[in-house]
Amino acid sequence: MTKEQENIMAKPKIATTSLAGCFGCHMSILDIDDRILELVELVDFDKSPINDIKEFTGECLVGLVEGGCANEENVRVLQDFRKHCKILISVGDCAINGGLPAMRNTISLQECLDEAYLNGPSTQNTSGKIPNDPEIPLLLDKVYPCHEVVKVDYHLPGCPPPADTIWEALVALLTDKPLDLPYELIKYD
Ligand code: SF4
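Everything in the sequence shown is counted per the numbering used here, starting at 81 for the first residue and increasing by one.
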């Protein structure tokens, strides 16, 4: 089979990642239950914690991003997703507006670090220093929603978005149908 034939027959790819999130949105992806079998008929999973593929193996049709950007590694991963994914989706409130991690945005970065590493009631740090190992990603001054770092094509709100919402959105995109979610899948009262 030629490379061209392989490309024609290849299924589109999907990638997922969790930045500053709690993996609850990934749990919601898995909550599509046995429809995951239908999903793998439609797509192949590329880089994702679901299959533990750590690096992109090629271009993806859809990238699902959970969590906002709290540190420099989050920014690098998000930019990598934007580069490799034709359609980028912010999944959940942390990706869309920073969510719970963004509660630190009203406090200065220095104060956050001091509380975490020096002054916290359960902290024992005899060195009196804030860790600065190059392996530890540098924290950003605040937590940024994904669309303030790269262009995002769609937002799926919720904490987490319901599995049915994620499923309907994915099927619409993968089958090239308009993304028109019914009211009951995007109401939160
Ligand atoms: Fe977790 Fe909610 Fe944030 Fe998703 S939106 S990562 S479920 S806190």
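Glycine residues also receive a C-beta, built at the ideal position from the N, C-alpha and C atoms.
Ile167: member of the beta strand (DSSP E) spanning 165 to 171, first to last residue. For Ile187, the three-state secondary structure derived from DSSP is coil.
Counting the other CB atoms within 10 Å of its CB gives Ser108 a total of 16 or more, which places it among the buried residues. Asn199 is classed as exposed because its beta carbon has fewer than 16 other beta carbons within 10 Å across all chains shown. Within a 10 Å sphere around the beta-carbon of Gly172 sit 16 or more other beta-carbons, which makes this residue buried. Of Ala100, Val155, Leu158, Ala95, the smallest CA-CA separation from Asn131 is found for Ala95.
Those residues that have a beta carbon less than 6 Å away from any non-hydrogen atom of the ligand SF4 are, in order along the chain, Gly101, Cys102, Gly104, Cys105, Glu146, Gly147, Gly172, Asp173, Cys174, Gly179, Leu180, Cys239, Pro240.
In this structure, Leu193 is the residue among Lys93, Leu193, Val232, Pro241 with its C-alpha nearest to the C-alpha of Leu218. Between Lys163 and Leu141, the C-beta spacing is not below 8 Å.
Taking 8 Å as the cut-off, the beta carbon of Ile169 is found closer than this to the beta carbon of Tyr234. In the three-state scheme derived from DSSP, where H, G and I count as helix and E and B as strand, Asp124 is classed as strand. Ranked by Cα distance from Leu253, the first of Ala100, Asp111, Leu144, Gly101 is Leu144. Within its own chain, the residues whose Cβ lies closer than 8 Å to the Cβ of Pro129, once the five positions on either side in sequence are excluded, are Thr96, Thr97, Ser98, Phe103, His106, listed in chain order.
By the C-beta criterion, the stretch 219 to 233 is judged to be in contact with the stretch 149 to 160, since at least 3 inter-stretch pairs fall below 8 Å. Ile246 and Ile112 do touch by the CB rule: their CB atoms are close to 7 Å apart, below 8 Å. Under the DSSP assignment, Ala243 falls in the alpha helix (DSSP H) whose first and last residues are 243 to 254.
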